[in-house]
Amino acid sequence: MLTHKIGRNDPCWCGSGLKYKKCHQVFDDKIKAFAREGHIVPDHSLIKTPEDVEGIKKSAKINIACLDAVAEKIKEGMSTEDINTIVHETTIKMGGIPAPLNYEGFPKSVCTSLNDEVCHGIPDKDIILRDGDIINVDCSTIYNGYFSDSSRMFMIGNVKEEDKKLVEVAHECVEIGVKYVKPWTFLGDMGSKVNEHAKKHGYSIVREIGGHGCGLEFHEDPFVSYVTEPGTEMLMVPGMVFTIEPMVNMGTHEFFTDEDNGWTVYTEDGKNSAQWEVQVLVTEDGAEILTY
Ligand code: MF3
Ligand code: CO
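The sequence shown maps to residues 0 to 291 in numbering that gives the first Met the number 0.
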C-alpha cells in the first residue's frame with residue numbers, strides 16, 4: 000500500500016529531483032485507485048529507478064555470458080561440477096559474484112537440475128551428463144549490488160521426442176508470459192495464460208515455487224505464480240522487475256525435497272520437469288527482457 004504522504008511540491012520519492020506533481024503523482028494516484036478496488040499493488044520499493052535498471056542490466060550482462068559459456072561447452076560426459084566451474088569462473092572474471100554460493104547455505108555457484116529434478120540441483124563431480132538427459136542450468140548473479148537471474152534448458156545428445164516437447168512447451172510458456180506482461184494489468188492475467196498453455200499439452204506447473212521480484216535483492220516481492228486467475232495477484236506497473244520461471248512437469252505438479260541435502264527438488268511421480276527463466280522489466284507499453 001502507498002501510505003506515506005508527499006506534498007505536491009515536495010521532491011518526488013523516485014530521486015529524479017523533480018517536484019512530486021511533475022513526476023510520480025499521477026502514477027501513484029492510478030495505483031491508489033486499484034488499491035481502493037481491493038487489488039494488490041506494488042509499493043515504491045518495488046519500482047526500479049532508471050539508475051537501478053542500468054545496474055541490473057550490467058549484472059544481466061554477466062548472467063547471460065555465463066549461460067552462453069555453458070551453452071558453448073556443455074556435452075555428454077561432463078559433470079555438473081564442470082558446469083559450476085564454467086559459471087563460477089565466468090562470473091568472477093567479469094567482476095561479479097555468483098548469487099547462489101552460500102545463499103542460505105547453498106554450497107555451489109549455480110543450480111543444475113536433471114530430468115526429474117524440478118530445481119535447486121547441486122552441482123557434483125559424480126553427476127555426469129548422459130545421452131538423452133535434459134538439464135536446467137539456473138544462474139544468478141550479483142554485480143555492484145544488483146541481482147540478475149535466468150535459466151535455460153539444455154538437451155544432451157539424442158533426447159526422446161516426449162522430452163524435447165516438454166522442453167519446447169516450457170520455453171513457449173515463458174514466451175507467452177513475457178507477451179502478457181503489460182502495465183496496469185495483473186500478474187494473474189499473465190500467469191493464467193502460462194498455465195493454460197502448459198495444461199493444453201497435458202502438463203502441470205509447480206505451484207509453491209515460482210518467480211519473484213529481483214534486482215536490489217535476490218528474491219523480492221511479488222511472488223510470481225502461474226496457477227492463478229485473471230484479475231488477481233499484484234498489479235504490474237512500469238519499473239517493476241521480476242522473473243518468469245514456470246516449472247513445467249510432464250505429470251503431477253507435486254514435488255518433494257531431498258532430505259539429505261535439503262535442496263534438490265524432485266517431481267513426486269518421477270516424471271521429467273523443464274524450466275526456463277527470464278527476468279523482465281515492466282515498461283510503459285509491455286516488457287523488456289533483461290536476462291534470458
Ligand atoms: N535461481 C533460483 C531462482 O530462480 C534460486 C536458487 S536459490 C539457490 O530463484 F540457493 F538454490 F541457489
Ligand atoms: Co529466479
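Here a beta-carbon is modelled for each residue, glycine too, at the ideal position from N, C-alpha and C.
Here the structure is a predicted model, which means the values were calculated and not measured.
Runs of beta strand (DSSP E) lying entirely within the segment 163–217, each at least 3 residues, in chain order: Here the runs fully enclosed are 210–212.
Closer than 8 Å: H87 CB and nearest the ligand CO heavy atom: Answer for H87: no, Cβ out of range of the ligand CO.
Residue nearest to M239 in terms of C-alpha spacing, selected from F255, K21, L165, Q278: For M239, the nearest C-alpha among the options comes from Q278.
Close Cβ partners of E75 (< 6 Å) along its chain, the five nearest in sequence each way excluded: Excluding residues up to 5 positions away in sequence, L128, D130, I155, G156 lie with their Cβ nearer than 6 Å to the Cβ of E75 in the same chain.
Check: W262 C-beta below 8 Å from any heavy atom of the ligand MF3: Indeed, a heavy atom of the ligand MF3 lies less than 8 Å from the Cβ.
Start and end residues, beta strand (DSSP E) containing T251: For T251, there is no enclosing beta strand (DSSP E), as DSSP marks it with neither H nor E.
Three-pair Cβ contact test at 8 Å for the segment 130–149 versus the segment 204–223: The segment 130–149, when compared against the segment 204–223, does touch it at the 8 Å Cβ threshold.
In chain order, each beta strand (DSSP E) run of at least 3 residues that lies wholly inside the segment 84–115: Complete beta strand (DSSP E) runs here, min 3: 110–113.
Any non-hydrogen atom of the ligand MG closer than 8 Å to H211 Cβ: This structure lacks the ligand MG; its bound ligands are the ligand MF3 and the ligand CO.
Distance CB(V25)-CB(P182) smaller than 9 Å: The Cβ-Cβ distance between V25 and P182 does not fall below 9 Å.
beta-carbon T242 near the ligand MF3 non-hydrogen atom, thresh 8 Å: Yes, the Cβ of T242 comes within 8 Å of a heavy atom of the ligand MF3.
Under 9 Å between C-beta atoms of E228 and S191: Yes, they are a contact pair.
Cβ-Cβ separation, D137 to S150 (assumed contact under 8 Å), whole Å: 4 Å between Cβ atoms; contact.
Local conformation of N62 per DSSP, three classes: When secondary structure is reduced to three states using DSSP, N62 falls in the helix class.
Opposing strand residues paired with P10 [DSSP bridges]: Answer is K18.
Whether A70 touches F185 by CB criterion (9 Å): Cβ distance not < 9 Å, so A70 and F185 don't count as in contact.
Cβ neighbours of M0 in the same chain (closer than 8 Å, five flanking residues each side left out): Confidence at M0 is low in this model, with a pLDDT of 47, below 50, so the placement of that residue is unreliable and no value is reported for it.
Rounded C-alpha distance that separates G261 from V223: G261 and V223 have their C-alpha atoms roughly 23 Å apart.
Classification of I91 by the beta-carbon crowding that lies within 10 angstroms, buried from 16 upward: By the 10 Å Cβ count, I91 comes out exposed.
Proximity test, Y19 beta-carbon vs the ligand MF3 heavy atom, cut-off 8 Å: Result no, Cβ not under 8 Å from the ligand MF3.
Y102: CB within 8 Å of a non-hydrogen atom of the ligand MF3: For the ligand MF3, at least one heavy atom lies less than 8 Å from the Cβ of Y102.
Reference I141; option with closest CA among A32, K198, H252, G95: I141 has its Cα closest to that of G95, out of A32, K198, H252, G95.
Burial state of A273 (16 or more Cβ within 10 Å): Classification of A273: buried, given that the 10 Å Cβ count is 16 or more.
Any non-hydrogen atom of the ligand CO closer than 8 Å to E276 Cβ: The closest heavy atom of the ligand CO lies less than 8 Å from the beta carbon of E276.
Status (buried if at least 16 other CB within 10 Å, exposed otherwise) for E50: Exposed, because fewer than 16 other Cβ atoms sit within 10 Å of the Cβ of E50.
S44 burial status per 10 Å Cβ neighbour count (16 or more: buried): Classification for S44: exposed.
Candidates E253, M93, N62: closest to I288 by CA position: That would be N62, whose Cα lies nearest to the Cα of I288.
C-beta contact flag for M246 and V205 at 9 Å: Closer than 9 Å, so yes.
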